[in-house]
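Input: a single structure, listed below in structure tokens.
In mature numbering (1 follows the signal peptide of the UniProt record, and there is no 0), the protein residues as written are -19 to -1, 1 to 191.
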């Protein structure tokens, strides 16, 4: 009986997995599928230009590419993280109002999050985040181009599920799917554009235990 007890104890210990602890940093590439949205441009003269059911593409491998960066501190299988996603939006020209010749946010419909993450089960993580949108628009209305710099444009939230694969003691590879909802009001040279975005993201990431 004593030997059997020792055997069961040893077997259980051999399958035990230590909790995630310490700093992690990651870099990932991927893309996003965006829902159709309504884009409103409020001109400084009071006019409103409405474009409804606009298809939005990410074109993840066009320069600059879609990517994400994340760092966080894990303790007892939970973590607080900071994450940056270089998201991009290209509006389908045929869906835009005739007065809008071009609508792109390709230097970034950037998403900056504070996340809370947790181990769901061994090898699987879940996370939720809330943050801000940092857009860089390139918009042409009535043949007038507005190509302003980066700005604080709105708010964003995310839910994500991640599957990790061990490469070595200090390196992991993961696949992550996430849903984001964002709402931004973007300043233009001649007005303001309202640009919501709902997107499904898929990323492959290399993660490093520091």
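C-beta atoms are modelled at their ideal positions from N, C-alpha and C, and glycine is treated no differently.
Remember, predicted model here, so these are calculated numbers, not experimental data.
Measure the beta-carbon distance from residue i to residue j and round it to whole angstroms, keeping in mind my assumption that it falls under 8 Å.
i: residue 139; j: residue 160; result: 7 Å
i: residue 70; j: residue 178; result: 7 Å
i: residue 135; j: residue 114; result: 4 Å
i: residue 98; j: residue 53; result: 7 Å
Name the one or two DSSP bridge partners that residue i has.
i: residue 125; result: 122
i: residue 36; result: Residue 36 pairs with nothing; no bridge assigned.
i: residue 186; result: 9, 155
i: residue 46; result: For residue 46, which the question treats as bridged, DSSP gives no partner whatsoever.
i: residue 164; result: 136, 177
i: residue 54; result: 4, 61
i: residue 68; result: Paired residues: none, contrary to the question.
i: residue 147; result: 153
Give the DSSP-derived three-state secondary structure of residue i in the structure shown.
i: residue 25; result: coil
i: residue 235; result: Residue 235 is absent from the model: the chain starts at -19 and stops at 191.
i: residue 113; result: strand
i: residue 171; result: coil
i: residue 102; result: strand
i: residue -6; result: In this prediction, residue -6 has a pLDDT of 36, which is less than 50 and means its spatial position is unreliable; what the coordinates show is noted afterwards. Residue state, collapsed to three classes: helix.
i: residue -15; result: Confidence in residue -15 is poor, its pLDDT being 47 and thus under 50, which makes the residue's placement unreliable; the coordinate value appears in the next sentence. In the structure shown, residue -15 sits in a helix (DSSP, three-state: H, G or I).
Do the CB positions of residue i and residue j come within less than 8 Å of each other?
i: residue 66; j: residue 175; result: no
i: residue 127; j: residue 90; result: no
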